[in-house]
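A.B. asks:
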Amino acid sequence: MIAVLDSTLREGEQTPGVFFDSHVKMAIAEKLDRLGVDIIEAGHPVVGEEIANGLRRIVSSSLQARIGAHSRSLKKDVDLALECGVGFLGIFYCVGDERLRDCSSTLNQAIDMISETISYARSRKSDLLIRYTPEDTVRSPMENVLSVSREAVRAGADIISIADTTGHLIPGSARTMSEWVRRLRASLDHAGLEARIAVHCHNDRGLALANALDGYQAGADIIDASVLGLGERAGITDLASLLAVLSQDFPVAHHWQLAELPGLYQLVSRYADVPIPVNHPICGRNAFTHCAGVHIQAALKNPIHYQSLAPEPFGLTSQIALDHMSGMAALQYSLEHIGAIDLDRELQESILAKVKDVGRHGRTVDVNELRWIVSYQKEKAINKETYVA
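Under numbering that gives the first Met the number 0, the first residue of the sequence shown carries the number 0, and numbering increases by one thereafter.
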């Protein structure tokens, strides 16, 4: 079974301008837990006391998900995270040649430091789930990554994360997540070592979800994601899109309560002050809304004609939009919805003309406005008849 790590409360707070107060973090964590994510990465406590306090509160709430923290490859970071009571610790350190030179370090020195930090964390908490991430994995020399990963597992790491830190990978090209997953798995197997493989994909090229799924198909065990794809620069894999594809298209055995997604997205959007795009694949206002007349006419008979995902698993329903693209089928459906039945054809056509006019001004007509239009057009028709008589 694939596991999902949500990093909204850690990576998400690296979105410029995004900060969640402790009580908001708690509310988000509770919704993530009801959704059924496996790991909630709830912060990097060394950044500040408020983050550490928020992390402690989430840990103390006895959620089903494992609660984790981010940590540099430093014992003081490990100590602070463990003082917060976490059950998961993500330790990171880059082993790219340029970064090693900038840090005046050799690969062997880096491996020794990383191994020592992991061993220390394991000695402090025997049941701690430890992940090691060679930051900027996919732009680092493959042999550097494989060497440090083997030693990290020997030191006590349970998970090795392949981090596409800059959104560098492109499925189907010469640089793919699937190749990294296969090479890492083969290296660990050859050394007689066991560890789960995670993938952390950034969205700089708009390919985070594609790269995450590429890693999954190659055998990755854990995928990182966040609500709205929040994170550094263009963010990371979007949680709702990931769960939709995994649950509906592969499908995988899971325990996710997908109907929790819309409420979770509304909560995060409000307190991150980041709007949900109207065309967001699952939680956007238009995700299951039909507009063009031909589409609506077919969708009213059978939604599958213009939907490849059903809205019901996500606690949503298909919607009809009334605007300049609308036809009579959409109008009649909407009139029935508001109880405006037995209207003659001429009146319906006048209502449709008004709807189209509103739509040409860049708005859709909601049910309340439709009621007003119906009333107005009825009154116009009565006055016209009176005037003619």
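Just so it is clear, CB atoms sit at the ideal spot from N, CA and C, and this is done for glycine as well.
If you check the beta carbons only, do R138 and T165 fall under 8 Å apart?
C.D. replies: Yes; because the gap between Cβ atoms is below 8 Å, this pair is in contact.
A.B. asks: In chain order, what residues of the same chain lie with their CB nearer than 8 Å to the CB of V272, ignoring the 5 residues before and after it?
C.D. replies: Strictly speaking, residue 272 in this sequence is Asp, with Val absent from that position. Taken in chain order, the residues that qualify are G16, V17.
A.B. asks: Nearest by alpha-carbon distance to D322: which of L315, I337, E335, V357 is it?
C.D. replies: Looking at the Cα atoms, V357 is the closest of the given residues.
A.B. asks: Would you grab the beta carbon distance between L238 and D5 for me? Rounded to a whole angstrom, and I think it's under 8 Å.
C.D. replies: Yes, L238 and D5 are in contact; Cβ-Cβ is about 6 Å, under 8 Å.
A.B. asks: DSSP three-state label for F87, please.
C.D. replies: Strand, per DSSP.
A.B. asks: Any idea which residues DSSP pairs C200 with across the strands?
C.D. replies: According to DSSP, C200 bridges with D163.
A.B. asks: Does the beta-carbon distance from L241 to T7 come in below 8 Å?
C.D. replies: Cβ distance not < 8 Å, so L241 and T7 don't count as in contact.
A.B. asks: I'd like to know if the segment 245 to 260 and the segment 199 to 207 are in contact, where contact means that at least 3 CB-CB pairs between them fall below 8 Å.
C.D. replies: Short answer: they don't touch.
A.B. asks: Does S325 pass the burial test, meaning 16 or more other C-beta atoms within 10 Å, or should it be called exposed?
C.D. replies: Buried, by the Cβ-count rule.
A.B. asks: If distances are taken between C-alpha atoms only, which option among I337, V180, V366, I350 comes closest to Y375?
C.D. replies: That would be I350, whose Cα lies nearest to the Cα of Y375.
A.B. asks: If you run the structure through DSSP and keep just helix, strand and coil, what is L62?
C.D. replies: Coil at L62, not helix or strand.
A.B. asks: Helix or strand or just coil, what does DSSP make of Y264?
C.D. replies: Three-state result, Y264: helix.
A.B. asks: Note down the Cα distance separating L208 from A286, rounded to an integer number of angstroms.
C.D. replies: About 17 Å.
A.B. asks: Out of curiosity, what's the CA-to-CA distance linking A339 and Q318?
C.D. replies: Approximately 18 Å between the Cα atoms of the pair.
A.B. asks: Classify I38: buried if its beta carbon has 16 or more other beta carbons within 10 angstroms, exposed otherwise.
C.D. replies: Result: buried.
A.B. asks: Here's the rule: buried if 16 or more other CB atoms are within 10 angstroms of the residue's CB, otherwise exposed. What is W255?
C.D. replies: Result: buried.
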